[in-house]
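The next block holds one structure in the form of structure tokens; read it before the comments.
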Amino acid sequence: MPSSTCWELFQLECSPLSSLKVTCPRLQTECWQGLYEVATIKTVFMLAAAGTVLTSWGVMADEPSVRDAVVAAMQKEVAIRMSAFGDRLDACRALKHRPVPRLDVATPKSFQLPREILIDAIGYLSFRNRDACDRSERLELAYALGALAALRREYVLEPDPFARDTLTQAVYPDTRRQEMKLKYERVPENARAYLERALGQEPFDLAGVLEQVDMQ
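Heads up, the sequence shown is in this note's numbering, so the first residue is 654 and it goes up one at a time.
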């Protein structure tokens, strides 16, 4: 998962409010590993955008064929889309520094929701807002990745494990978020409407909102 998503999940699951049982040090370690993976992605794609030959992707250094030129062009397109996606992630993360949305102290209690359901709902909206913020760049990167994969299949080249295993984890929602979405859809409509009004449509400071739940 992307590092920003990982840290949000760490804040959610390792909050003292949460009923979820995870090994927090392990999850924290995975988040730091995610930061390293993102740095690696940016480095590799900066090299690709600069025209560096990536032999692992089947582009030969001498006597490039039409196939190699086509694949290299698509790799460059992926690099451009990855750079734009990374820039947008940074911009969306910056939005979290705006004032923390305020929850009315009495309103959540009036819904009589169990605390763990309320926390899961807030966590889902955090993911939803973040994904909505970078959706356009994410979709463009997903299209470029799909086009590159299709080219490699047509040219009978091996799938690239880097693009398949690392980049797709940054582009597509993981099972955890899908499960949270299903749980959220079971929350009463009036409670969902209130939370969506209170938290808005932009990325927000998840830890800051959870602290308000703890005070209620």
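Every residue, glycine too, gets a C-beta built ideally from N, C-alpha and C.
As assigned by DSSP and simplified to three states, the class of residue i
i, result
"L766", "coil"
"G776", "helix"
"R741", "helix"
"R817", "helix"
"S736", "helix"
"P761", "helix"
"L748", "helix"
"R755", "coil"
Beta-carbon proximity list for residue i, same chain, < 7 Å, skipping 5 on both sides
i, result
"P754", "A851, L852, G853, F857 and V862"
"T828", "none"
"A800", "M727"
"Y847", "T760"
Member of the options whose CA lies at the smallest distance from the CA of residue i
i, options, result
"E842", "P761, D740 and L742", "P761"
"R788", "V719, L742 and R806", "L742"
"L748", "P826, R783, R768 and G739", "R783"
"I733", "A802, E849 and E790", "E790"
"G739", "L792, R720, D721 and L766", "L792"
Whether residue i touches residue j by CB criterion (8 Å)
i, j, result
"M833", "Y796", "no"
"V866", "I772", "yes"
"L648", "V824", "The chain is shown only over 654 to 869; residue 648 falls outside these bounds and no answer can be derived."
"P814", "A802", "no"
"Y837", "R720", "no"
"L798", "A816", "yes"
Contacting residues, own chain, Cβ-Cβ under 6 Å from residue i (five flanking each side not counted)
i, result
"C786", "C745 and P856"
"Q831", "none"
"A737", "E790"
"F764", "A844"
"L756", "A851 and Q865"
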